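*Asks:* The sequence shown: position 118 = 550 (our numbering), numbered continuously.
Take this structure first; my questions come after.
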Amino acid sequence: MKRTLASILASAMMLFALAGCAGGNAPSDSTNQNDTAEESSQAAEPITISVGVPTAPPALPVLHMMEEQLLGENVTIDLNVWNAPEELLAMVQGGEHDLYAFPLTVISTLYNKGLDVRLMNVNTWGVTYFMTTDPNFTTWSDLEGKTVYIPLQSSPPDALTQYFMSEAGLTVGENVQVVYASTAEVAALLASGEAEYATLIEPQVTSAMVQNENVRRALSFETEWQRSTGTDTMIPNAGFGTTQTFLDANPELAAQFQAAYEESVQWVLDHPTEAAALAEEYLDMNAAVVEAAIPNMGLTFKSAQDAKEELDTFYNLLYNFEPSMIGGELPDEGLFYAG
């Protein structure tokens, strides 16, 4: 299969085609059905769907869907990469894409601002760590007077870093400073020793540790979340979303994407070597690093409806801490895809 990857900015999505094979000289019900399926496949018009992803865990299942043509041979996925929430916002506002991988804070904010977005699933949980080269760092209060590097401003890692620091009596701009950069930049600064404290997600966590033996995972956000909320639930981090316009026009395609994505999440977990090779081919990510990181990527599929309990806890916590982090109000039921 010829593999194509549109470079920067935008999104993608998909559909399915019927296929059959005709055979035998004597007509039969089975033969007629296969003939009909073959004719349908031959008649199917080419379809291109646009999907926007970061170079992060939510992208990996999509690569498998592309490679195996899980949406049908007539469907091309136009994969577009966003590197910052501002680029994702431009994609959504441009209205030229079908599906997006969203940080959960970002999709809530866009929804509350009136943009046509709907959350289909949650696929990435936890995946965030507080990293340091300081051998004496043990807890958030140790950051007083320090500078923390954070990727993806307004994303769950950013919001939760600020929340956990506030629990320790720290206020950004007063007794702790924050510097924002891209995920790759934060990883590079940490690996080079220029940044001493940073929040990072996989696979960049593993990348920084491979490059600098002094870099370590100091705090797991999953553990900190459970401590803070008094629950044993996972932190919902990111998911796939679309628009109501797309759902109304393509209900079967949306359901097909949801099912294929769930299947592909499991494939990534079961085939880390092959998944890492796809990440290197399509996204120019280091295959060895990705393979090592996959067990810590927090890839677990839940539909938006099935993840409601965790989403409610997540959104309520951030709303009570700082409403602007999720768009000023709790998202209503309209955000969540019912399929």
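For glycine and all other residues, C-beta sits at the position ideal for the given N, C-alpha and C.
Nothing here was measured: the structure is a model prediction, and the numbers come from that model.
Where does the unbroken beta strand (DSSP E) through residue 510 begin, and where does it stop?
*Replies:* Counting along the chain, residue 510 sits inside the beta strand (DSSP E) bounded by residues 507-513.
*Asks:* Taking the alpha carbon of residue 560 as the point to measure from, which residue in 695, 488, 600 has its own alpha carbon closest?
*Replies:* Looking at the Cα atoms, 488 is the closest of the given residues.
*Asks:* Relative to the C-alpha of residue 771, which residue among 746, 591, 735 is closest?
*Replies:* For residue 771, the nearest C-alpha among the options comes from 735.
*Asks:* Kindly identify the DSSP beta-bridge partner or partners of residue 615.
*Replies:* Residue 615 pairs with nothing; no bridge assigned.
*Asks:* Would you mind listing the alpha helix (DSSP H) stretches within the region 534-615 that are 4+ residues and don't spill past its ends, in chain order?
*Replies:* 536-544, 588-599
*Asks:* If you count every other CB in all the chains shown that lies within 10 Å of the CB of residue 591, and 16 or more means buried, which is it?
*Replies:* buried
*Asks:* So is residue 518 buried or exposed if we call it buried at 16+ other beta carbons inside 10 Å?
*Replies:* exposed
*Asks:* Could you tell me which residues DSSP puts in a beta bridge with residue 480?
*Replies:* 508
*Asks:* Spatial neighbours of residue 675 within its chain, please: CB distance less than 7 Å, with the 5 preceding and 5 following residues excluded, ordered by chain position.
*Replies:* The answer, listed in chain order, is 548, 549, 550.
*Asks:* Touching or not, the region 749-766 and the region 536-543, by the rule of three or more beta carbon pairs under 8 Å?
*Replies:* yes
*Asks:* Could you have a look at residue 765 and say whether DSSP puts it in helix, strand or coil?
*Replies:* helix
*Asks:* Any chance the region 713-722 sits against the region 560-578, with 3 or more Cβ pairs inside 8 Å?
*Replies:* In short, these stretches do not touch, since the Cβ pair count stays below three.
*Asks:* Report the option in 685, 599, 616, 636 whose CA atom is closest to the CA atom of residue 504.
*Replies:* 685
*Asks:* Since residue 639 is in the alpha helix (DSSP H), which residue starts that stretch and which ends it?
*Replies:* 636-643
*Asks:* In chain order, what residues of the same chain lie with their CB nearer than 8 Å to the CB of residue 545, ignoring the 5 residues before and after it?
*Replies:* The residues are 759.
*Asks:* Over what stretch of residues does the alpha helix (DSSP H) that includes residue 748 continue unbroken?
*Replies:* 740-753
*Asks:* Going by the CB atoms, is the gap between residue 748 and residue 671 shorter than 7 Å?
*Replies:* no
*Asks:* State buried or exposed for residue 763, treating a residue as buried only when at least 16 other CB atoms are found within 10 Å of its CB.
*Replies:* buried
*Asks:* Express the C-alpha separation of residue 607 and residue 703 in angstroms, rounding to a whole number.
*Replies:* Residue 703 and residue 607 have their C-alpha atoms roughly 45 Å apart.
*Asks:* Taking all protein chains shown into account, do 16 or more other C-beta atoms lie within 10 angstroms of the C-beta of residue 626, making it buried, or fewer, making it exposed?
*Replies:* exposed
*Asks:* In its own chain, which residues sit with a C-beta less than 6 Å from the C-beta of residue 729, not counting the 5 before and 5 after it?
*Replies:* 489, 559, 634
*Asks:* So, under 8 Å CB-CB, residue 629 and residue 579 are touching, yes? Tell me the CB distance rounded to an integer number of Å.
*Replies:* Contact between residue 629 and residue 579 holds: their C-beta atoms lie close to 7 Å from each other, under 8 Å.
*Asks:* Short check: CB of residue 631 to CB of residue 589, under 7 Å?
*Replies:* yes
*Asks:* Between the beta-carbon of residue 506 and the beta-carbon of residue 533, is there less than 7 Å?
*Replies:* no
*Asks:* Can you check whether the C-beta of residue 768 is within less than 7 Å of a C-beta belonging to chain C?
*Replies:* Considering every chain present, this structure includes no chain C. It has just one protein chain.
*Asks:* Can you tell me the Cα-Cα spacing of residue 644 and residue 494, whole angstroms?
*Replies:* Straight across, the Cα-Cα distance linking residue 644 with residue 494 is about 31 Å.
*Asks:* So which of 624, 654, 594, 650 has the shortest CA-CA distance to residue 742?
*Replies:* 654
*Asks:* Whose CA, out of 648, 657, 499, lies closest to the CA of residue 692?
*Replies:* Nearest C-alpha to residue 692: 499.
*Asks:* Would you identify the three-state DSSP class for residue 457, choosing helix, strand or coil?
*Replies:* Confidence in residue 457 is poor, its pLDDT being 40 and thus under 50, which makes the residue's placement unreliable; the coordinate value appears in the next sentence. Residue 457 falls in the coil class under three-state DSSP.
*Asks:* Expressed to the nearest angstrom, what Euclidean distance is found between the alpha-carbon atoms of residue 765 and residue 744?
*Replies:* The straight-line gap separating the alpha-carbon atoms of residue 765 and residue 744 is approximately 11 Å.
*Asks:* Kindly indicate which three-state DSSP category residue 671 falls into: helix, strand or coil?
*Replies:* Here residue 671 sits in strand by DSSP.
*Asks:* Can you tell me where the alpha helix (DSSP H) holding residue 724 begins and where it ends?
*Replies:* 719-725
*Asks:* For residue 700 and residue 726, which I take to be in contact (beta-carbon distance under 8 Å), what is that distance rounded to the nearest angstrom?
*Replies:* 7 Å
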